[in-house]
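So for the sequence shown, this note's numbering puts the first residue at 146; every next one is plus one.
Note that beta-carbon positions come from the ideal geometry of N, C-alpha and C, so glycine has one too.
This report refers to the structure that appears directly beneath it.
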Amino acid sequence: MQLIDIGANLTHDSFDHDRDAVLQRARAAGVTRMVITGASREHSPKALELARQHPGELFATAGVHPHHASEYTAECDAEMRALLAHDEVVAVGECGLDYFRDFSPRPAQRRAFEMQLQSAVDTGKPLFLHQRDAHDDFVAMMKNFDGKLGPAVVHCFTGTREELFAYLDRDWYIGITGWLCDERRGLHLRELVKHIPAQRLMIETDAPYLLPRTVKPAPSHRRNEPMYLAHIVEELARDRGEDVAASAAHSTATATQFFRLPPR
146 MQLIDIGANL THDSFDHDRD AVLQRARAAG VTRMVITGAS REHSPKALEL
196 ARQHPGELFA TAGVHPHHAS EYTAECDAEM RALLAHDEVV AVGECGLDYF
246 RDFSPRPAQR RAFEMQLQSA VDTGKPLFLH QRDAHDDFVA MMKNFDGKLG
296 PAVVHCFTGT REELFAYLDR DWYIGITGWL CDERRGLHLR ELVKHIPAQR
346 LMIETDAPYL LPRTVKPAPS HRRNEPMYLA HIVEELARDR GEDVAASAAH
396 STATATQFFR LPPR
């Protein structure tokens, strides 16, 4: 079983002491490639650096998460565009809107998102998107770029049935995390994942966040890492009524095509 983790925050400082061991455990668990999330002005360059240290295995995104939207100046935009010029950087983002936390003012979020959407138009690279409690504005802003954007994935989808079908109707892709494995808040996803076409579905850990609650015994530090992607694909296969190998193969093929990864 070969898996691709499409969203791992491996530049997070919680991995500084054992990053090589984390990668080795991921390989042993069948995670053969990963896309390292760039989500800020500080960490997007680090994601590229990490990808360059592991050619053909690690790739990166470059962008600014809505939490950090206030830092998205014209200078920052130029920095992100310079990163996107590298082949190892396979998507624009993480970018989007987050009205749940509002760590950056909403006008700043919308401005940063619009500028990154324009970067996606100009570079032709896919979009790695974040949306929480901002569905209407998110879709409206994406519509402003209709016919100009390449493929887009709504990463870490945890939304409603209406949101899911709105995204699928626009031919967007869906990223599923360990939220699916949470019996307290992920139950609705177990039904929804049945409706996602295999060619639109990818899996991710969002490590170090969202440790799957199906991991037993849970590590004392509660840190998620890419080796736990197997727990997500097992849950996904069960909920979709598929063989685990089939779910793994479909998600890997979809991720390879979406991010235009080189053949192995």
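Quick one: what does DSSP say residue i is sitting in, helix, strand or coil?
{"i": "A363", "result": "coil"}
{"i": "E239", "result": "strand"}
{"i": "M260", "result": "helix"}
{"i": "T177", "result": "strand"}
{"i": "L155", "result": "coil"}
{"i": "I341", "result": "coil"}
{"i": "Q147", "result": "coil"}
{"i": "L346", "result": "strand"}
Within the same chain, show all residues whose beta-carbon is closer than 8 angstroms to that of residue i, passing over the 5 residues directly before and after it, in chain order.
{"i": "G295", "result": "A265, G269, K270, P271, L272"}
Tell whether a beta-carbon distance below 8 angstroms holds between residue i and residue j.
{"i": "E379", "j": "P353", "result": "no"}
{"i": "G208", "j": "A184", "result": "yes"}
{"i": "H395", "j": "L346", "result": "yes"}
I need the boundaries of the alpha helix (DSSP H) containing residue i, first residue and last residue.
{"i": "V299", "result": "Segment 297–299 is the beta strand (DSSP E) holding V299; no alpha helix (DSSP H) there."}
{"i": "T401", "result": "389–403"}
{"i": "A184", "result": "Note, A184: premise wrong, no alpha helix (DSSP H); not H, not E."}
{"i": "A352", "result": "Where A352 is concerned, there is no enclosing alpha helix (DSSP H), given that its DSSP letter is neither H nor E."}
{"i": "F283", "result": "280–288"}
{"i": "R246", "result": "Looking at the DSSP string, R246 is not in any alpha helix (DSSP H), and its letter there is neither H nor E."}
Strictly by DSSP, which residues pair up with residue i?
{"i": "Y318", "result": "V298"}
{"i": "T206", "result": "A236"}
Could you check where the beta strand (DSSP E) with residue i kicks off and where it finishes?
{"i": "L228", "result": "Here L228 belongs to no beta strand (DSSP E); instead the alpha helix (DSSP H) covers 219–229."}
{"i": "F273", "result": "272–277"}
Looking only at its own chain, which residues have a Cβ that is under 7 angstroms from the Cβ of residue i, when we skip the five neighbours before and after it?
{"i": "G175", "result": "M146, Q147, L148, A375"}
{"i": "S392", "result": "V378, L381, A382, R385"}
{"i": "S189", "result": "G183, A207, G208, M225, L228"}
{"i": "K339", "result": "D384, R385"}
Who are the Cβ neighbours of residue i in its own chain at under 6 angstroms, not counting the five residues just before and after it?
{"i": "H103", "result": "Residue 103 cannot be examined here, being either before or after the span of the chain that is shown, 146 to 409."}
{"i": "I341", "result": "I319"}
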